[in-house]
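By the UniProt record's numbering, the letter at position 89 of the sequence shown is numbered 89, and the numbering carries on one by one without gaps.
We put the CB at the ideal spot given by N, CA and C, even for glycine.
It should be emphasised that the depicted structure is a prediction, and the values quoted were computed from it without experimental measurement.
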Amino acid sequence: MTPLTREDFRLRPADLADMPAVYRVCLKTGNAGQDATDREDDPDALGHMFIGPYLVLEPDFAFVLDGPNGVAGYVMGALDTPDFYLRMERDWLSRIRGRVRDPGDDESRWFGSDWVRRLIHRPPYLYPPALHPYPSHGHVDFLPEARGLGWGRLGFEHLMTALKDAGSPGMHLDVSPHNHSAIAFYRKLGFAPVISDELPSGGLTMARRF
Ligand SMILES: CC(C)(COP(=O)(O)OP(=O)(O)OC[C@H]1O[C@@H](n2cnc3c(N)ncnc32)[C@H](O)[C@@H]1OP(=O)(O)O)[C@@H](O)C(=O)NCCC(=O)NCCS
Numbered sequence: 001m002t003p004l005t006r007e008d009f010r011l012r013p014a015d016l017a018d019m020p021a022v023y024r025v026c027l028k029t030g031n032a033g034q035d036a037t038d039r040e041d042d043p044d045a046l047g048h049m050f051i052g053p054y055l056v057l058e059p060d061f062a063f064v065l066d067g068p069n070g071v072a073g074y075v076m077g078a079l080d081t082p083d084f085y086l087r088m089e090r091d092w093l094s095r096i097r098g099r100v101r102d103p104g105d106d107e108s109r110w111f112g113s114d115w116v117r118r119l120i121h122r123p124p125y126l127y128p129p130a131l132h133p134y135p136s137h138g139h140v141d142f143l144p145e146a147r148g149l150g151w152g153r154l155g156f157e158h159l160m161t162a163l164k165d166a167g168s169p170g171m172h173l174d175v176s177p178h179n180h181s182a183i184a185f186y187r188k189l190g191f192a193p194v195i196s197d198e199l200p201s202g203g204l205t206m207a208r209r210f
């Protein structure tokens, strides 16, 4: 890939050396798009669950946005969700679990990052039939300094093109129902909510065919 460059920013393929920086962006955007630092007692927990496996297991669909102050965001995806979840379990989470305490399923006793620690030990791996027309999925998170400049569209379209060129017919993504800004963004890119009893109530999954 020839890096996409505009003003002080540049989108390029991610590298394993980017791991600490993308974990930081994940934490700084992990509360429905806002900084989750004060909520989490383990700064790496969100990264372990939501971004590390993409960087390691799906390098062809992992991109970072460099800015004037270093990595300012990422766009990452998985081509084939069920295959990715198998590999995420076998080659990623099984190793991470050794370093992360399981807080158990009694939510009333959870604190700090326990909700993510529980996900690490009991991931939902959701891929019901309602999502089968959209077998890929992805994530995009930019620090505030990189937002509103058109990089979200550029980056996500770049990811969608890479997925489509690799044979995918469509993709889905999960977004917090409170993250109105991201929902508006995804709608602009052609995504629509998936309404289905097969998906957990209280969440929002959006999808589009390519
Ligand atoms: C959501 C996010 C990726 C969007 O990226 P961005 O670079 O700010 O968006 P862009 O500047 O490329 O905007 C793309 C389009 O979305 C629209 N858009 C972006 N934010 C919007 C908002 N809050 N309300 C309405 N439209 C919005 C833009 O108007 C633009 O429309 P156009 O291309 O038709 O002119 C970015 O703001 C972000 O990282 N937010 C915090 C993390 C987050 O919430 N991630 C998603 C988690 S699911």
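* Counting pairs of beta carbons, one from the region 59–68 and one from the region 82–93, are three or more of them closer than 8 Å? -> For the pair of segments examined, the region 59–68 was found not to touch the region 82–93: the number of CB pairs separated by less than 8 Å stays below three.
* To do: Give the straight-line distance between the Cα atoms of F111 and T37, rounded to the nearest whole angstrom.
  => Counted from its first residue, the sequence shown places residue 111 at position 111. Counted from its first residue, the sequence shown places residue 37 at position 37. Computed Cα separation, rounded: 14 Å.
* **Nearest-angstrom Cα separation, counted from G104 out to M19** => Here residue 19 refers to the residue found at position 19 of the sequence shown. Here residue 104 refers to the residue found at position 104 of the sequence shown. Distance between the alpha carbons of M19 and G104: 28 Å.
* Beta-carbon proximity check, A72 vs L143, cutoff 8 Å -> The residue given as residue 72 occupies position 72 in the sequence shown. The residue given as residue 143 occupies position 143 in the sequence shown. In this structure, A72 places its C-beta atom within 8 Å of the C-beta atom of L143.
* In terms of residue numbering, what span does the alpha helix (DSSP H) encompassing Y23 cover? -> Locating residue 23 in the sequence shown gives position 23, where the first residue counts as 1. In the DSSP assignment, Y23 falls within the alpha helix (DSSP H) that extends over M19 to K28.
* **Other residues of its chain near A14: CB distance less than 8 Å, five sequence neighbours each side excluded** => Within the sequence shown, numbered from 1, the residue matching residue 14 stands at position 14. Contacts found: V22, L55, P59, A62, F63, V64, Y74 and M76.
* Hey, how far is the Cα of T5 from the Cα of L11? -> Stepping through the sequence shown from its first residue, residue 5 is reached at position 5. Stepping through the sequence shown from its first residue, residue 11 is reached at position 11. So the alpha carbons of these two residues sit roughly 7 Å apart.
* Work out the CA separation of R209 and A162 for me, nearest whole Å. => What you label residue 162 is simply residue 162 of the sequence shown in a count that begins at 1. What you label residue 209 is simply residue 209 of the sequence shown in a count that begins at 1. Cα to Cα, the separation comes out at about 14 Å.
* For S196, the nearest candidate out of S168, P128, S181 and L93 (CA to CA) -> Mapped onto the sequence shown, residue 196 falls at position 196. Among S168, P128, S181 and L93, the Cα nearest to that of S196 belongs to P128.
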